[in-house]
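Take a look at the structure below.
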Amino acid sequence: MGTTRTIKNKHAANGSGIKGSKASKNGPQHDGVIKAKKNGPKTPQPGRGINGRPNIADILKKRKKRVYTEKELGIPELNKITPVGVTKPKGKKKGKVFVDDRESMTTILALVQAEKEGQIESKMIKARQMEEIREARRAEAEAKEAERKAQFDETKESLRKKRKKKHGKGGEDEDINGFKASLAAEGTKAAKPKKKRVSFAPE
Amino acid sequence: MRPLTEPETKVVFDKLANYMTDLKSLIAPLDDGDRYVFRLNHSRVYYVRLSIANMATSISRDALLSLGTCLGKLTKTGKFRLHITALPILAEHARYKIWVKENGAQPFLYGSNVAKAHVGRWSDDCPEHSGCVVLSMADIPLGFGVTARSTAEARRLDPTGIVCFRQSDCGEYLRDEDTLFAG
Chain L
1 MGTTRTIKNK
11 HAANGSGIKG
21 SKASKNGPQH
31 DGVIKAKKNG
41 PKTPQPGRGI
51 NGRPNIADIL
61 KKRKKRVYTE
71 KELGIPELNK
81 ITPVGVTKPK
91 GKKKGKVFVD
101 DRESMTTILA
111 LVQAEKEGQI
121 ESKMIKARQM
131 EEIREARRAE
141 AEAKEAERKA
151 QFDETKESLR
161 KKRKKKHGKG
171 GEDEDINGFK
181 ASLAAEGTKA
191 AKPKKKRVSF
201 APE
Chain R
1 MRPLTEPETK
11 VVFDKLANYM
21 TDLKSLIAPL
31 DDGDRYVFRL
41 NHSRVYYVRL
51 SIANMATSIS
61 RDALLSLGTC
71 LGKLTKTGKF
81 RLHITALPIL
91 AEHARYKIWV
101 KENGAQPFLY
111 GSNVAKAHVG
121 RWSDDCPEHS
131 GCVVLSMADI
141 PLGFGVTARS
151 TAEARRLDPT
161 GIVCFRQSDC
171 GEYLRDEDTL
181 FAG
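As you go down the protein sequences, you meet chains L and R in turn.
Position 88 of the first sequence, counting from 1, maps to 88 under the UniProt record's numbering, and the rest follow consecutively.
Position 146 of the second sequence, counting from 1, maps to 146 under the UniProt record's numbering, and the rest follow consecutively.
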């Protein structure tokens, strides 16, 4: 005969005990009274044979086939290439790693600031060097200009002296011709040829 | 809303370092034990007190419009773009400054670059293509930009020549009103 068992606290068995709650809805409804199942006649277990010994076929089925890893078998590894980004580190947290503590932030900040200072410094040095080069070029150009001017003045002076000498000795025409020739040699404006003129014959 | 990751922090600091000298003061602890932190919401980076950031966690991401000071926006390519809202922070520790005269303030606030004729004075030893803060002669920050010429070069420039390329100006508060804080 089966025995009956009562549970005093029926809410404990049915979850929270609140009417509409999930726990009260789900599960079997048995008002706290559980009837024990009758013990029927024992059925033979599937793995047992007639004498109570396990069948050979069942044993073969049950035994799991061991799967060997490549390491265990000692097979030489293939020469495969795995890109750096593809390999995933084991045991590392997936997803983003946030920087919120002051120490790590200060470290990043120091790195960034040092890098930026270096960049600005190199920029300044470069700018200064360029400025120096420009200054040197300007000085050179000025020196050249001064030299050219001096040479021009010298030539003018020499011509003036020559003219004075000639004036004292020979005629004026010769002197003028000489002056014109020297001017042409200097690269100043050459004498222009006379313009062609057209005139109508009188009637 | 979430804190920044390491590469994001680096990008943000990198951009800020173009304009500022003293970055450490940004994350220095305050007298009351609080400190400022960086928070990301809808790809915008906010510079906010930790206590306020903690309180803001009770507001859902979609409902949170803004908190603290919006520094700028992280683009989808991973770059960081400074907004005009970051100007007070930049101006406080500016690396290089350009003061514009009265006649130059309005053209700048309308979105044009700074011409040499409009410059009242500028920081010495300023290399070209470096970040600078543009101020009025009364020391009121108007915006920020990138120098077009070094100080030495700019001295030889003609009055119409550009000395600073505008990046952001206070006029954006009106011009970009719709997109500045959302969208």
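Positions of the beta carbon are idealized from the N, C-alpha and C atoms, including for glycine.
Remember, predicted model here, so these are calculated numbers, not experimental data.
query: Are the C-beta of Ile-108/L and some C-beta of chain R separated by less than 9 Å?
result: yes
- prompt: How is the beta strand (DSSP E) around Pro-141/R delimited, first residue to last?
  reply: Segment 141–147, the beta strand (DSSP E) holding Pro-141/R.
message: Please list, in chain order, the residues of the stretch 115–140 of chain L that have any C-beta partner in chain R closer than 7 Å.
response: Lys-116, Ile-120, Lys-123, Met-124, Ala-127 and Glu-131
field: Per-residue contacts from Lys-24/R into chain L (C-beta, under 9 Å)
entry: Thr-106, Leu-109, Ala-110 and Gln-113
- request: Name, in chain order, the residues that DSSP records as bridge partners for Arg-134/L.
  value: Arg-134/L is not bridged to any residue.
message: Just verifying my parser: in three-state terms, what is the DSSP assignment at Ser-130/R?
response: coil
message: Per the DSSP calculation, Val-45/R is bridged to which residue(s)?
response: In DSSP, Val-45/R forms a bridge with Leu-40/R and Gly-72/R.
message: Pairs of beta-carbons, one from the stretch 146–156 of chain L and one from the stretch 172–179 of chain R, closer than 8 Å: are there three or more?
response: no
- prompt: With a cut-off of 9 Å, does the C-beta of Val-84/L fall near any C-beta of chain R?
  reply: For Val-84/L, the answer is no, since every Cβ of chain R falls outside 9 Å of its Cβ.
- request: Take the Cβ of Ser-25/R as the centre, count every other Cβ of all protein chains shown within 10 Å, and call the residue buried at 16 or more, exposed below.
  value: By the Cβ-count criterion, Ser-25/R is exposed, with fewer than 16 other Cβ atoms from all chains shown falling within 10 Å of its own Cβ.
Exposed unless 16 or more other CB atoms sit within 10 angstroms - verdict on Arg-160/L: exposed
- prompt: Are three or more beta carbon pairs between the stretch 125–133 of chain R and the stretch 90–103 of chain R nearer than 8 Å?
  reply: yes
query: With DSSP run on the structure shown, which of helix, strand or coil describes Ser-25/R?
result: helix
query: Pro-88/R by DSSP, collapsed to three states: which one?
result: Helix.
Whole-angstrom distance between Arg-156/R and Glu-145/L, CA atom to CA atom: 21 Å
field: Cβ pair Ala-115/R, Ile-52/R closer than 9 Å
entry: no
task: Can you grab the Cα-Cα spacing for the pair Phe-181/R / Leu-65/R, in whole Å?
output: 8 Å
message: Taking the beta carbon of Pro-141/R as the centre, do at least 16 other beta carbons fall within 10 Å, making it buried, or is it exposed?
response: buried
- request: Provide the residue(s) that pair with Ala-115/R in DSSP beta bridges, ordered along the chain.
  value: Its beta-bridge partners are Ile-162/R.
message: Taking the beta strand (DSSP E) that Leu-82/R belongs to, which residues open and close that run?
response: 80–82 is the span of the beta strand (DSSP E), which, as asked, contains Leu-82/R.
Under 9 Å from the C-beta of Val-198/L: neighbouring residues of chain R: By Cβ distance, chain R contributes nothing, its closest Cβ being about 49 Å from Val-198/L, past 9 Å.
- request: Could you please give me the residues that DSSP links to Phe-13/R through a beta bridge?
  value: DSSP output for Phe-13/R lists no bridge partner at all.
query: Helix, strand or coil: which one does DSSP assign to Leu-111/L?
result: helix
query: Under a three-way DSSP split, which group does Trp-122/R fall into?
result: strand
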